[in-house]
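First comes the structure, then the notes that go with it.
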Amino acid sequence: MALRESGRAINQTFNIEAIVRPGLDPGVEGGPELLAFAEAVLGADRGALDDARNALAQRLSPAAVGAASIIAADFTKNDRIANGLGIPMEPPSLEETADFRESFGINAYPSAANSLR
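Following the working numbering, the residues of the sequence shown are numbered contiguously, the last one being 799.
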């Protein structure tokens with residue numbers, strides 16, 4: 683949702699569907715590399731993570747690898763805390779994301795049971 687809102691703020695449209703549909707261009711500089719990095723961070727393949735880090739550093743910069751790592755770690759921490767506590771999404775967030783949650787299959791994730799209460 684933040685990516686979509688950030689795009690609106692600068693009058694640019696991003697393809698948020700690329701987050702769940704590999705191969706689509708998200709419309710963000712270095713987007714394919716960022717998505718590959720995010721996927722590798724959540725996986726268990728060290729070689730894939732090394733490749734993703736190298737590709738991201740080459741496409742954007744070594745500093746981008748650090749920034750993306752910090753964002754991934756912070757998001758994962760916050761997500762785990764929210765899921766562990768069973769914190770539901772706030773009604774405005776539910777309304778603002780309704781258009782893509784169902785079509786992307788997000789509502790079918792087991793943890794969505796906590797969010798959609």
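Idealized CB from N, CA, C, for every residue including glycine. On a predicted model such as this, the values are computed, not experimentally measured, just so you know.
> Got a sec, what are the start and stop residues for the alpha helix (DSSP H) S751 sits in?
Replying inline: From DSSP, the alpha helix (DSSP H) with S751 extends over 744 to 767.
>> Within the continuous alpha helix (DSSP H) that includes R703, where are the two ends?
In response: Element bounds for R703: n/a, residue is neither H nor E.
>> Taking the straight line between their C-alpha atoms, what separation do you get for V747 and L738?
In response: Straight-line Cα distance between these residues: approximately 6 Å.
> Any contact of the region 765 to 773 with the region 787 to 798, i.e. 3+ C-beta pairs under 8 Å?
Replying inline: They touch, by the three-pair rule.
>> So T695 and G705 are supposed to be a Cβ contact under 8 Å. How far apart are they, rounded?
In response: The C-beta separation of T695 from G705 comes to about 18 Å, leaving the pair out of contact by the 8 Å criterion.
>> In this structure, how does DSSP classify L798 when only helix, strand and coil are distinguished?
In response: Here L798 sits in coil by DSSP.
>> A730 and A722 - do their beta-carbons sit closer together than 8 Å?
In response: It is a contact, given that the beta carbons lie within the stated cut-off.
>> To the nearest angstrom, how far is the alpha carbon of P744 from that of R735?
In response: Going from the Cα of P744 to the Cα of R735 covers about 8 Å.
> What span of residues does the alpha helix (DSSP H) with N736 cover, start to end?
Replying inline: Per DSSP, the continuous alpha helix (DSSP H) segment holding N736 begins and ends at 728 to 741.
>> Along the chain, where does the alpha helix (DSSP H) containing T779 start, and where does it finish?
In response: Counting along the chain, the alpha helix (DSSP H) containing T779 begins and ends at 773 to 783.
> Does the beta carbon of N697 come closer than 8 Å to any beta carbon on chain B?
Replying inline: Going by chain labels, chain B is absent from the structure shown, which holds only one protein chain.
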